[in-house]
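Participant: Order-wise, the sequence lines are chains A and B. Plus 16 on top of the position in the first sequence (first one is 1) and you've got the working numbering. Plus 16 on top of the position in the second sequence (first one is 1) and you've got the working numbering. My questions will all concern the structure given below.
2 protein chains.
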Amino acid sequence: MNKLYGRVFLVLITFLFTTVAASAKTEVLPAPNGIRMPEGYKDWRLISSSHRTDNNTLRVILGNDMAIQAARSGQTNPWPDGAILAKLVWKDATHEKWPTAIVPDKFVLAEFMIKDAKKYSATGGWGFARWLGMEQQVYGKDADFVQECYGCHIPVQKNDYVFTRPALLP
Amino acid sequence: MNKLYGRVFLVLITFLFTTVAASAKTEVLPAPNGIRMPEGYKDWRLISSSHRTDNNTLRVILGNDMAIQAARSGQTNPWPDGAILAKLVWKDATHEKWPTAIVPDKFVLAEFMIKDAKKYSATGGWGFARWLGMEQQVYGKDADFVQECYGCHIPVQKNDYVFTRPALLP
Chain A
17 MNKLYGRVFL VLITFLFTTV AASAKTEVLP APNGIRMPEG YKDWRLISSS
67 HRTDNNTLRV ILGNDMAIQA ARSGQTNPWP DGAILAKLVW KDATHEKWPT
117 AIVPDKFVLA EFMIKDAKKY SATGGWGFAR WLGMEQQVYG KDADFVQECY
167 GCHIPVQKND YVFTRPALLP
Chain B
17 MNKLYGRVFL VLITFLFTTV AASAKTEVLP APNGIRMPEG YKDWRLISSS
67 HRTDNNTLRV ILGNDMAIQA ARSGQTNPWP DGAILAKLVW KDATHEKWPT
117 AIVPDKFVLA EFMIKDAKKY SATGGWGFAR WLGMEQQVYG KDADFVQECY
167 GCHIPVQKND YVFTRPALLP
C-alpha cells in the first residue's frame, strides 16, 4: 500500500512540475488595458525600420496581414480597423567587424498599436500595449498607461497617430 | 473588308501594348552568374536590421523559411544549404516629427546570399546577387562581379561569411 502511495505521489509531483514549467515559459500577462499580446507577431511581415539616436535603439516595424495589405496599397491614413503594428526594439551596438555598422544588441521591448476606431476612440482609434525584455514583462501600472503612449503620438495626429511610414519597396 | 482589317489591326495593337506593358512591369533580369531573383522575398520574415553610418543606409535582413528555421534554432555556423538571406537597403533620412529618429527614404537595392556549399564552393558556399533601385536593375557586368561580394565578406569567414547575426527575439 505504501508503494502505491509512493507512485501516486511521484506522478502528482511530476505533473505539477511539468505544468508549472510549461506555464512559466508561455505565460505572458495581458496589458493593464486588457490587450493580449498578438499571437505570432514575430512571423509578421516588414513595414519599416528605424534607428533612434536619442536612446540608442534599433527598431523594426512589422504588420499583421491587414496592416501589410494597407501599407502596400497606400491605405494608411487612416489605417483600417484590424490593422496591427508591432514595433520590436533592440539596444544598438557596433558590429565587431564593421565599425560603422550599427546592429541590434539586447532585446528591449515589443510594443503594439491595434487599430479599432470605435473601441479606442479615446486614444486616436488605437489600442496601445507594450511588453519588456526577453521575459516580456507587461508594461504599465494601470489602464492609464496608454495616456503616455497616446501623448507621445499626438504630434503625428495628421498621419493617423502613426510615426512609421511604410518603407518603399519595388 | 477594310473595316475588318481595321478591327483586326486594332485588336493586334491592343494585344501588343498590353503584353509589352505587362512584361515591362514584371521582367527582372537574372544576375550575370545566372541567379534569378528569389520570388516573394518581400514576404519573408525578419532576421535582423542595421544602420550603416559610412554610407547612410538603413538595412533590413529577411530570410526564407529555411533561413528563419536556422536562425531561430541557432544553426547558423554554417547556415544550411537552401537558406537564403535577403538584404533590403534604403537611404536614411531624419523623421520629420522626431529629429533623432533615422528612417528609410529612397529604396537603394535588394541583395541576396544563397547557401549551397557545393555549388558555390568558390565563394565560401554562397551565391551572391544584387538588383538596384525600384526598377531592380541587375548588378554586375559579368559573372566575376561576385568577387567583389565575396572579397567584402572574407573578414567574417569565421561566421560562415555572414555579417548578420540574427537579432535576439523573446
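Note that CB positions come from ideal geometry on N, CA and C, so glycine has one too. Quick caveat: nothing in here was measured; it's all calculated off a predicted structure.
Label B:K103 either buried or exposed according to how many other C-beta atoms from any shown protein chain fall within 10 Å of its C-beta, with 16 as the threshold for buried.
Facilitator: buried
Participant: Taking buried to mean at least 16 other C-beta atoms within 10 Å of its own C-beta, is B:K122 buried or exposed?
Facilitator: Exposed.
Participant: Taking A:S89 and B:V119 to be in contact with their CB atoms under 8 Å, please state how far apart those CB atoms are, rounded to whole angstroms.
Facilitator: Contact doesn't hold; Cβ gap of about 21 Å is too wide.
Participant: What in chain D is Cβ-close to A:D70, meaning under 7 Å?
Facilitator: Among the protein chains of the structure shown, namely A and B, there is no chain D.
Participant: What's the gap between the Cα of A:L14 and the Cα of A:D158?
Facilitator: Shown here, chain A extends from 17 to 186; a query on residue 14 of chain A therefore has no answer.
Participant: Report yes or no: is there a C-beta of chain B within less than 7 Å of the C-beta of A:M82?
Facilitator: no
Participant: Could you tell me if A:C165 is buried or exposed, where buried requires 16 or more neighbouring beta carbons within 10 angstroms of its beta carbon?
Facilitator: In the assembly as shown, A:C165 is a buried residue. Its beta-carbon has 16 or more other beta-carbons within 10 Å.
Participant: For the beta strand (DSSP E) containing A:M129, name the first residue and the last one.
Facilitator: 114–131
Participant: Is there a C-beta anywhere in chain A that falls below 7 Å from the one on B:S64?
Facilitator: yes
Participant: Quick one: complete alpha helix (DSSP H) runs, 4+ long, within the segment 38–89 of chain B?
Facilitator: 81–88
Participant: Leaving out five residues on either side along the sequence, give the residues of the same chain with a beta carbon under 6 Å from the beta carbon of B:A56.
Facilitator: Looking at the sequence provided, one finds Gly at residue 56 of chain B rather than Ala. Excluding positions up to five away in sequence, the list is empty.
Participant: Using the beta-carbon count (16 or more within 10 Å), is B:R23 buried or exposed?
Facilitator: exposed
Participant: State the CB to CB distance for the pair A:P182 and A:I63, rounded to an integer number of angstroms; the pair is presumed to be in contact (CB under 8 Å).
Facilitator: The C-beta distance from A:P182 to A:I63 rounds to 5 Å, short enough to fall under 8 Å.
Participant: Could you tell me if A:G79 is buried or exposed, where buried requires 16 or more neighbouring beta carbons within 10 angstroms of its beta carbon?
Facilitator: buried
Participant: So, at 6 Å on beta carbons, what are the nonlocal neighbours of B:N72 in its own chain, with the 5 sequence-adjacent residues on each side left out?
Facilitator: Within the same chain, B:N72 has close Cβ partners D108.
Participant: Counting contacts by CB-CB distance shorter than 7 Å, is A:M150 in contact with chain B?
Facilitator: yes
Participant: Start and end of the beta strand (DSSP E) containing A:V105?
Facilitator: 100–111
Participant: Across which residues does DSSP place A:L184 in a beta bridge pair?
Facilitator: A:L184 is not bridged to any residue.
Participant: Within 10 angstroms of the Cβ of A:T110, are there 16 or more other Cβ atoms? Answer buried if so, exposed if not.
Facilitator: exposed
Participant: Let me see if you follow: with CB-CB separation under 7 Å, is B:L185 close to chain A or not?
Facilitator: yes
Participant: I'd like the span of the beta strand (DSSP E) that includes A:G143, first residue to last.
Facilitator: 142–148
Participant: So, helix, strand or coil for B:V172, using DSSP?
Facilitator: Looking at B:V172 - three-state DSSP - the assignment turns out to be helix.
Participant: Give every residue of the same chain whose Cβ lies closer than 7 Å to the Cβ of B:T180, excluding the five residues on either side of it in the sequence, and list them in chain order.
Facilitator: I63, S64, I77, L101
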